[in-house]
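Protein chains in written order, with the working numbering: chain E, 6 to 336; chain H, 130 to 407. These notes are about the structure you will find just below.
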Amino acid sequence: MSAPAPSMFSTAAQATAKGLGLAMGRSNLEVFADTLLALAQTDRQILAVTSDSRGSGKLGPFSQAFPDHLVEVGIAEQNLVGVAAGLARNGKKTYAISPASFLTARALEQIKNDVCYSDVPVKLVGISAGVSYGALGSTHHALHDLAVLRAIPNILIIVPADNFETRAAVQAAAAADRPIYLRFGKSPMVDFHDSETPFEIGTAIEIRPGHDLAFIGTGETVIHCLLAAAQLENEGLNCRVVSMHTVKPLDTHALFRAGRECRAVITVEEHSAHGGLGEACGAALLQAGISPRFRIVAIPDEDTVTGSQADIFRHYHISMEGLIQIGHEVL
Amino acid sequence: MTDHELKLKSIRYRRDLLQYIVLAGAGHTGGSLSCIDILNVLYNRILRVFPESWTDPCRDRYVQSKGHSVEALYVVLADRGFFPKSQLETLCRYQSPFVGHPTRKIPGIEMNTGALGHGLSICVGMAIAGKMDSATYHVYTLLGDGELAEGSNWEAAMAASHHRLDNLTAILDHNRLQITGRTREVCNTEPVDAKFRSFGWTVRTADGHDVGQLTDVLSQDPERGKPTLIIANTVKGKGVRFIENVVRWHHGVPSAEELDQALAELDAAEAALAEASE
Numbered sequence: 006m007s008a009p010a011p012s013m014f015s016t017a018a019q020a021t022a023k024g025l026g027l028a029m030g031r032s033n034l035e036v037f038a039d040t041l042l043a044l045a046q047t048d049r050q051i052l053a054v055t056s057d058s059r060g061s062g063k064l065g066p067f068s069q070a071f072p073d074h075l076v077e078v079g080i081a082e083q084n085l086v087g088v089a090a091g092l093a094r095n096g097k098k099t100y101a102i103s104p105a106s107f108l109t110a111r112a113l114e115q116i117k118n119d120v121c122y123s124d125v126p127v128k129l130v131g132i133s134a135g136v137s138y139g140a141l142g143s144t145h146h147a148l149h150d151l152a153v154l155r156a157i158p159n160i161l162i163i164v165p166a167d168n169f170e171t172r173a174a175v176q177a178a179a180a181a182d183r184p185i186y187l188r189f190g191k192s193p194m195v196d197f198h199d200s201e202t203p204f205e206i207g208t209a210i211e212i213r214p215g216h217d218l219a220f221i222g223t224g225e226t227v228i229h230c231l232l233a234a235a236q237l238e239n240e241g242l243n244c245r246v247v248s249m250h251t252v253k254p255l256d257t258h259a260l261f262r263a264g265r266e267c268r269a270v271i272t273v274e275e276h277s278a279h280g281g282l283g284e285a286c287g288a289a290l291l292q293a294g295i296s297p298r299f300r301i302v303a304i305p306d307e308d309t310v311t312g313s314q315a316d317i318f319r320h321y322h323i324s325m326e327g328l329i330q331i332g333h334e335v336l
Numbered sequence: 130m131t132d133h134e135l136k137l138k139s140i141r142y143r144r145d146l147l148q149y150i151v152l153a154g155a156g157h158t159g160g161s162l163s164c165i166d167i168l169n170v171l172y173n174r175i176l177r178v179f180p181e182s183w184t185d186p187c188r189d190r191y192v193q194s195k196g197h198s199v200e201a202l203y204v205v206l207a208d209r210g211f212f213p214k215s216q217l218e219t220l221c222r223y224q225s226p227f228v229g230h231p232t233r234k235i236p237g238i239e240m241n242t243g244a245l246g247h248g249l250s251i252c253v254g255m256a257i258a259g260k261m262d263s264a265t266y267h268v269y270t271l272l273g274d275g276e277l278a279e280g281s282n283w284e285a286a287m288a289a290s291h292h293r294l295d296n297l298t299a300i301l302d303h304n305r306l307q308i309t310g311r312t313r314e315v316c317n318t319e320p321v322d323a324k325f326r327s328f329g330w331t332v333r334t335a336d337g338h339d340v341g342q343l344t345d346v347l348s349q350d351p352e353r354g355k356p357t358l359i360i361a362n363t364v365k366g367k368g369v370r371f372i373e374n375v376v377r378w379h380h381g382v383p384s385a386e387e388l389d390q391a392l393a394e395l396d397a398a399e400a401a402l403a404e405a406s407e
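Following this line, the structure appears as structure tokens:
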């Protein structure tokens, strides 16, 4: 395996987080697995379907508590999603759990037809998403999933930023009787919401107010936006930070407010620059006639650089320092 | 319903589906004629699926994996009373619910299918759900020959025996042709029986146009803990001589003259059947 991964945060970023009173939580994936286990305690229709992915999905405790509620299909993602659709069509509250890279590429046709087009309420859980697998390389990266799923009707796309958003998103998804894609990384995440924050699918959360610049991030990039905003504050720049946890449908209300009230909008995502959050926001702003200075921070259309998730984030400016630099460039 | 009545129905179904394909100007003629006797026996003798209670959780499940033969399914569902037959006049028309592949917009249809290699996985999920709930329903799917080249079928075949799904029956419409030509020449899937047996399935065969044989084989109890494949040996385009076994009729649409010729042949078959029963 690879050498120990460097921290996602530089020493300066860690100091900034400490200054904001933020502490490191657990991985969103672990929080997902715990939340699913808690939901299954009271709802015996909940099933996890896995493609040899119970370990990588942190489902050990779930499978021990509810061995009859975990359906294993082996390394066969197409069958995973088809089976999940058949189970859900028969009243089972089904979570198909598999690495995002394989789930949303290899089984895309099953997602499109068996889940979305057939309108069967499967919850598709893409684990170790984005560049979570780091140096394992592009075969294991999921930088296409938001783009391909955005183009398929009848699916919600949720990318929680921290442990709080993860717990809330899994609970909200469980209550929603429709196809949903949940995307989780496996790195420990800094928790920045308090437990009183309201969470609603489709409603972005403004984490920090501001009017000079708006960072609109999704998933594990949001913390880097927050740290950059805190540093830019020291330079007298007042930066808004928005967690766009629901990528589809986009919260255009929050987006348009940011576009109207701030001089610049920077979108940040752990995804290809093509077809993800940035292009969704850009198209929506343009069609609404709102034209702030605008920049998409994402993984460009190239052979992704080798390295850990932290290396790749830093390489493509998804870091406190990188986003400060982009902020300066845009303003 | 007697065998004679079923045979009469098969002729009428063939007549109907040809007429609707011509009206729509599109359809999968050869495959629909190939599987119509199988659907006839399923819906009139085997499946516990009824229009007045078709969402009953106890109903049997039928998922048509070879979705392109939807005209056969629509015609049988109309005859069974799931919707008025006249609605089929809108088949494939602008804003019609009758899409050219199975859709849940139509009462009686469980899942949207049409992309090949999906039905068996879906049925594995349905059968696992049935086992979990100790339900009495049985799950059926209809597969095509060419479709077996899709790898997802084999993922599902493995999972079905691994999960001991004796409440699952797949029927292969084994007409040996696909859009390009003979399946044996396009990409040989034979020996299908040995392949499924090696995957842990019970394999049975029947003449896919003999309603008696189909009834018998579909009525047999499954082997405990094993899914069942029924290889229904069929003729693509069965019932209309100029369509039978001709590759181009995979999705060929008859001209007005060809339709007349086909209907005359079916009328003659119906008359002969009536005469034989007297």
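Cβ coordinates follow ideal geometry from the N, Cα and C atoms, glycine included.
Is the beta carbon of I51 (chain E) closer than 7 Å to that of L42 (chain E)?
no
Between the region 181-199 of chain E and the region 22-30 of chain E, are three or more C-beta pairs nearer than 8 Å?
yes
Tell me which residues of the region 221-255 of chain H have at least one Cβ-Cβ distance to chain E shorter than 9 Å, keeping chain order.
T232, R233, E239, M240, N241, T242, G243, A244, G246, H247, G248, L249, S250, I251, C252, V253, G254, M255
Examine chain H for any beta-carbon lying closer than 7 Å to the beta-carbon of Q46 (chain E), and answer yes or no.
no
Please list, in chain order, all residues of the same chain as G283 (chain E) whose beta carbon is under 7 Å from its beta carbon, the five residues on each side excluded.
T272, E274, I301, A303
Measuring straight from C-alpha to C-alpha, what distance separates A20 (chain E) and A219 (chain E)?
22 Å
Please list, in chain order, the chain E residues whose beta carbon lies closer than 8 Å to that of E284 (chain H).
V78, G79, A81, Q83, N84
Contact under 7 Å by Cβ, V127 (chain E) with P184 (chain E)
yes
Roughly how many angstroms separate the alpha carbons of R141 (chain H) and L392 (chain H), rounded to a whole number?
10 Å
Can you tell me which of the three DSSP states L108 (chain E) falls into?
helix
Going by beta carbon distance, what residues of the same chain come within less than 6 Å of N282 (chain H), once the five residues before and after it are set aside?
G246, L249
Let's see if you can read the secondary structure: which residues bound the beta strand (DSSP E) around D150 (chain E)?
Run containing D150 (chain E): none in the beta strand (DSSP E); it sits in the alpha helix (DSSP H), 150-155.
In three-state DSSP terms, what is F325 (chain H)?
helix
Tell me, please, whether the CB atom of A278 (chain H) is closer than 7 Å to any CB atom in chain E?
no
Within the region 317-376 of chain H, note down every full beta strand (DSSP E) run reaching 3 residues or more, in order along the chain.
331-336, 357-362
Nearest candidate by alpha-carbon position, reference T223 (chain E), set E:H276, E:L64, E:V310, E:R265
E:H276
Excluding the 5 residues flanking S324 (chain E) on each side, which residues of the same chain have their C-beta closer than 6 Å to its C-beta?
H229, F318
Let me know the alpha helix (DSSP H) ranges lying completely inside the region 46-89 of chain E, each 4 residues or longer, listed in chain order.
65-70
Count the CB pairs spanning the region 80-96 of chain E and the region 203-221 of chain H that are closer than 8 Å, and state whether there are at least three.
no
Boundaries (first-last residue) of the beta strand (DSSP E) holding D302 (chain H):
297-303
Measuring CA to CA, which of H:V332, H:V364, H:A256 is closest to D339 (chain H)?
H:V364
Checking contacts by CB at 7 Å: is I257 (chain H) closer than that to chain E?
yes
Name, going along the chain, the residues of the region 88-104 of chain E whose beta-carbon falls closer than 9 Å to a beta-carbon of chain A.
Any reference to chain A falls outside this structure, whose protein chains are E and H.
Inter-residue Cα distance where the pair is L271 (chain H) and A101 (chain E):
25 Å
8 Å CB neighbourhood of T232 (chain H) in its chain, flanking five on each side removed:
P226, I238, N241
8 Å CB neighbourhood of G190 (chain E) in its chain, flanking five on each side removed
S32, N33, L34, S133, A134, G135, S137, G224, E225, E275, Q314
Reference G273 (chain H), options H:T219, H:K195, H:M255, closest by Cα:
H:K195
Residues from the region 284-298 of chain H in contact with chain E, defined by Cβ distance under 9 Å
E284, A285, M287, A288, H291, H292
Hey, Y122 (chain E) and L154 (chain E): beta-carbon distance below 7 Å or not?
no
Within chain H, partners of D124 (chain E) - CB distance below 9 Å
R233, N241
Taking the alpha carbon of T40 (chain E) as the point to measure from, which residue in E:L92, E:A177, E:S56, E:L141 has its own alpha carbon closest?
E:A177
Buried or exposed: which applies to H197 (chain H), given that a residue is buried once 16 or more other Cβ atoms fall within 10 Å of its Cβ?
buried
Where G280 (chain H) and V270 (chain E) are concerned, what is the direct C-alpha to C-alpha distance, given to the nearest angstrom?
45 Å
Report yes if the C-beta distance between G207 (chain E) and T257 (chain E) is below 7 Å; otherwise report no.
no
I157 (chain E) to S200 (chain E) span [Cα, whole Å]:
33 Å
Using DSSP with H/G/I as helix, E/B as strand and the rest coil, what is G30 (chain E)?
strand
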